[in-house]
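*Asks:* If you scroll down you'll find the structure; I have some questions about it.
As structure tokens, then:
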């Protein structure tokens with residue numbers, strides 16, 4: 009997790025669009041949100057978060073190919089503390105790992 013999340017930032021995520029769409033409802037939790045093709049809007053407190061994504065070329069390392077999704081985050085009218093709380097939950101939910 010980060011200690012600060014700016015109002016606007018981009019991420020290069022290692023997932024397919026199908027993965028993203030499957031995980032997004034859980035990452036957003038009980039907040040009201042609306043899905044459209046390649047975008048979503050989320051109500052965060054009195055403000056909003058706009059998400060926009062596009063599929064990118066996979067990252068290839070030797071014989072391993074990892075899917076990539078470029079995601080843009082745009083908060084409007086969301087305080088630093090609300091942004092931090094939302095993104096902490098979002099990041100924990102989206103975190104994937106194995107062992």
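Residue numbers (the numbering used here): 9 to 107.
Quick reminder that beta carbons are idealized off the backbone N, C-alpha and C, glycines included.
Quantities reported herein were computed from a predicted structural model and do not represent experimental measurements.
Considering Cα atoms alone, identify which of 80, 9, 97 and 101 is closest to residue 46.
*Replies:* 80
*Asks:* For residue 107, count the other beta carbons within 10 Å of its own beta carbon; 16 or more makes it buried, fewer makes it exposed. Which is it?
*Replies:* Any answer about residue 107 is weak, because its pLDDT of 46 lies below 50 and its placement is not dependable; what the coordinates show is given next. Looking at its Cβ environment, which holds fewer than 16 other Cβ atoms inside 10 Å, residue 107 is exposed.
*Asks:* Just checking, does the region 15 to 26 make contact with the region 74 to 89 on the three C-beta pairs under 8 Å criterion?
*Replies:* yes
*Asks:* Are there three or more Cβ pairs, one per stretch, closer than 8 Å when the region 61 to 76 is compared with the region 30 to 43?
*Replies:* By the Cβ test, the region 61 to 76 is not in contact with the region 30 to 43, since fewer than three Cβ pairs between them sit closer than 8 Å.
*Asks:* For the beta strand (DSSP E) containing residue 96, name the first residue and the last one.
*Replies:* Where residue 96 is concerned, there is no enclosing beta strand (DSSP E), although the alpha helix (DSSP H) it sits in stretches over 88 to 102.
*Asks:* What does the Cβ neighbour count give for residue 91, buried or exposed, with the cut at 16 atoms within 10 Å?
*Replies:* buried
*Asks:* Could you tell me the alpha carbon to alpha carbon distance between residue 49 and residue 41, rounded to whole angstroms?
*Replies:* 5 Å
*Asks:* Classify residue 95: buried if its beta carbon has 16 or more other beta carbons within 10 angstroms, exposed otherwise.
*Replies:* buried
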